[in-house]
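Reviewing the structure listed below.
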Amino acid sequence: MTGRIAGARYAFRAAHPASPMLRVRYRLGVPVDPWGFPDWTPYARLLVALPPAIPDLTVDEARVVDVCTAGLAARAAGDPLWAGAAGTPVGWTWAHVAQTRHLALVPAELHAGFRHLGGVSVGGPRAAGRGLTAGAGEPPRMLVGERLTEAALAVGEEILKVALPAHYRDFLLRTNGAAPAGPSVFPGHGFVLDQPLFGFRDDRLQDVGYLNAWFADRLTPDWLGIGHVQGGLLAIRVRGADVGAVGYLDDDDWRDRDHFTAADRCERLMHRLAGDFGAFWLALRPVPAELSDLARAAAASAELAAPDGLGALLPATHRWVAP
Numbered sequence: 001m002t003g004r005i006a007g008a009r010y011a012f013r014a015a016h017p018a019s020p021m022l023r024v025r026y027r028l029g030v031p032v033d034p035w036g037f038p039d040w041t042p043y044a045r046l047l048v049a050l051p052p053a054i055p056d057l058t059v060d061e062a063r064v065v066d067v068c069t070a071g072l073a074a075r076a077a078g079d080p081l082w083a084g085a086a087g088t089p090v091g092w093t094w095a096h097v098a099q100t101r102h103l104a105l106v107p108a109e110l111h112a113g114f115r116h117l118g119g120v121s122v123g124g125p126r127a128a129g130r131g132l133t134a135g136a137g138e139p140p141r142m143l144v145g146e147r148l149t150e151a152a153l154a155v156g157e158e159i160l161k162v163a164l165p166a167h168y169r170d171f172l173l174r175t176n177g178a179a180p181a182g183p184s185v186f187p188g189h190g191f192v193l194d195q196p197l198f199g200f201r202d203d204r205l206q207d208v209g210y211l212n213a214w215f216a217d218r219l220t221p222d223w224l225g226i227g228h229v230q231g232g233l234l235a236i237r238v239r240g241a242d243v244g245a246v247g248y249l250d251d252d253d254w255r256d257r258d259h260f261t262a263a264d265r266c267e268r269l270m271h272r273l274a275g276d277f278g279a280f281w282l283a284l285r286p287v288p289a290e291l292s293d294l295a296r297a298a299a300a301s302a303e304l305a306a307p308d309g310l311g312a313l314l315p316a317t318h319r320w321v322a323p
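For the sequence shown, position 24 matches number 24 in the numbering used here, and the numbering has no gaps at all.
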């Protein structure tokens, strides 16, 4: 595939998110290297150096193992964010740093604030190819924080200017964007769902209405972003053909090019997961035991890295210095 990688336009300068709120919070932007890859060091709460990649895993399996390994390393280091957290702490995501075996824990809203690639897309082809077998287990239980009234949901639909698909609408009504009770995967794909999905919330960085105002570079009006996952963005089709279908945009897809429009991304890069939200949730499974075992073994030799400037541009409330 020809053309510059997604994010190459920012090479040698800083990338700034579209959201005015994020531009204030992260006013200096994210520095980008000469090849177009973000340098997450100034915004990383933690930087985990992983052992060499396991060669016989697929790209998707390797990504899940890396995320689980980094989480175990962070928990073992004593980061208080992990107290009571089943997966990655709410509002944070693991970014694969390009050309390294490092994973940076960065604010999810900043990571999703502009298009870019990272360490997964340039990791090279694997003999095992792609794919992930979800394995045994039941769909995850929903962790319900609050419910919405019918009136509140109707106001939300007015804000979005769309009638939400029935199964997703019912999910919001009952949970306002629940998280799974434990980290979960979807058959065939290398993302981990371990965060609450977006809802109608006072916190704008978790609000489905506010966030979708800034996804126009990757989603057409036919799609609504519904949640961050470790590995990208979940979306649901709200207009046109196939209304109600759930899709996944990989945020480190080697095929993504700098000149792609939102229509290009939705047509070429969107992975269709299920015909409706109910079918999507029922297909979720716990992280396969064999991948969890590999992550535990890898975590034993993972280390925290502390380069100069680590976390220097994070808000003071977001920083942590390992003992």
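Glycine included, C-beta positions come from ideal geometry on N, C-alpha and C.
*Could you say if the stretch 24-36 and the stretch 291-309 meet the contact criterion of at least three C-beta pairs nearer than 8 Å?*
no
*Could you tell me the distance, in whole angstroms, from the CA atom of A74 to the CA atom of C68?*
The count along the sequence shown starts at 1 and reaches residue 74 at position 74. The count along the sequence shown starts at 1 and reaches residue 68 at position 68. In this structure, the alpha-carbon of A74 lies about 10 Å from that of C68.
_At the level of alpha carbons, what is the spacing between G182 and L105?_
Here residue 182 refers to the residue found at position 182 when the sequence shown is read from its first residue. Here residue 105 refers to the residue found at position 105 when the sequence shown is read from its first residue. Approximately 19 Å between the Cα atoms of the pair.
*By Cβ distance below 7 Å, which residues in the same chain neighbour P221 in space, the five residues on each side in sequence not counted?*
Residue mapping note: residue 221 aligns to position 221 of the sequence shown, counting from 1. In the same chain as P221, and ignoring 5 residues on each side of it, the C-beta atoms closer than 7 Å to its own belong to R239, in chain order.
*Identify, in the order they occur along the chain, each residue of the same chain with its Cβ nearer than 6 Å to the Cβ of G227, setting aside the five sequence neighbours on each side.*
Against the sequence shown, residue 227 aligns to sequence position 227. Only L197, F198, L234 meet the Cβ criterion.
_Any beta strand (DSSP E) of 3 or more consecutive residues that is wholly inside the stretch 177-258_ = 223-229, 232-237, 246-250
*Are L22 and G118 touching if we call contact CB-CB under 7 Å?*
As a working note, residue 22 is residue 22 in the sequence shown. As a working note, residue 118 is residue 118 in the sequence shown. Cβ distance not < 7 Å, so L22 and G118 don't count as in contact.
*By a C-beta neighbour count over all protein chains shown, 10 Å radius and 16 as the cutoff for buried, is A340 buried or exposed?*
This structure cannot settle anything about residue 340, because the visible part of the chain is limited to 1 through 323.
_Assuming H111 is part of the alpha helix (DSSP H), what are its boundary residues?_
On the sequence shown, position 111 is the one that residue 111 refers to. Taken as a continuous stretch (DSSP letters only), the alpha helix (DSSP H) holding H111 covers 108-111.
*Segment contact, 8 Å Cβ cut-off, at least three pairs: the stretch 248-258 with the stretch 1-11*: The stretch 248-258 and the stretch 1-11 touch, with no fewer than 3 CB-CB distances between them shorter than 8 Å.
*Extent of the continuous beta strand (DSSP E) to which A274 belongs*: Counting from 1 along the sequence shown, the entry for residue 274 is found at position 274. Residues 271-274.
*Can you tell which of V229, D251, D194 has the C-alpha that lies nearest to the C-alpha of W82?*
By one-based count along the sequence shown, residue 82 stands at place 82. For W82, the nearest C-alpha among the options comes from D194.
*asked:* Could you tell me which whole beta strand (DSSP E) segments of length 3 or greater appear in the stretch 64-101?
replied: If we require 3 residues or more, the beta strand (DSSP E) runs fully inside the stretch 64-101 come out as 92-96.
*Rounded to a whole number of angstroms, what is the C-alpha to C-alpha distance between V48 and D66?*
As a first step, residue 48 is located in the sequence shown; it is residue number 48 there, counting from the start. As a first step, residue 66 is located in the sequence shown; it is residue number 66 there, counting from the start. C-alpha separation (whole angstroms): 10 Å.
*Determine which residues share a DSSP beta bridge with L105 and list them.*
One-based indexing of the sequence shown puts residue 105 at position 105. In the DSSP output, where bridge partners are listed per residue, L105 has L46, W94.
*Select from A44, R13, P80, G36 the residue whose C-alpha is nearest the C-alpha of P323.*
The residue you call residue 323 lines up with position 323 of the sequence shown. The candidate whose alpha carbon is nearest that of P323 is P80.
_Close beta carbons around A295, own chain, < 7 Å, minus the five adjacent residues each side_ = Position 295 of the sequence shown, counted from the first residue, corresponds to residue 295. Correct list, in chain order: V65, C68, T69, L72.
*Given a threshold of 16 other Cβ atoms within 10 Å of its Cβ, counted over all protein chains shown, does G244 qualify as buried or as exposed?*
Counted from its first residue, the sequence shown places residue 244 at position 244. Under this definition G244 is a buried residue.
*Can you round the beta-carbon distance between D217 and R319 to whole angstroms, since I take them to be within the 8 Å contact cut?*
If you number the sequence shown from 1, residue 217 lands on position 217. If you number the sequence shown from 1, residue 319 lands on position 319. Rounded, the Cβ-Cβ distance is 29 Å, inconsistent with contact.
*Is the distance from the Cβ of A98 to the Cβ of F37 below 7 Å?*
As a first step, residue 98 must be located in the sequence shown, where it is residue number 98. As a first step, residue 37 must be located in the sequence shown, where it is residue number 37. Their beta carbons are under 7 Å apart, which means A98 touches F37 by this criterion.
*Of the residues E157, P42, A15, R204, which one's Cα is nearest the Cα of L310?*
Along the sequence shown, read from residue 1 onward, the residue named residue 310 stands at position 310. When only C-alpha atoms are compared, the closest one is P42.
*So which of A213, L46, A11 has the shortest CA-CA distance to A312?*
What you label residue 312 is simply residue 312 of the sequence shown in a count that begins at 1. Per the Cα distances, L46.
*asked:* Using CA atoms only, rank isn't needed, just tell me which of F215, L314, A134 is closest to E290.
replied: For the purposes of this step, residue 290 is taken as the residue at position 290 of the sequence shown. For E290, the nearest C-alpha among the options comes from A134.
*Is it right to say V144 is buried, meaning 16 or more other beta carbons lie within 10 angstroms of its own, or is it exposed?*
Sequence index remark: in the sequence shown, residue 144 carries index 144 (1-based). So V144 counts as exposed.
*Output the distance between the C-alpha atoms of P307 and L160, rounded to the nearest integer angstrom.*
What you label residue 307 is simply residue 307 of the sequence shown in a count that begins at 1. What you label residue 160 is simply residue 160 of the sequence shown in a count that begins at 1. Straight-line Cα distance between these residues: approximately 43 Å.
*Under three-state DSSP, which class holds V30?*
For the purposes of this step, residue 30 is taken as the residue at position 30 of the sequence shown. Three-state DSSP puts V30 in a strand.
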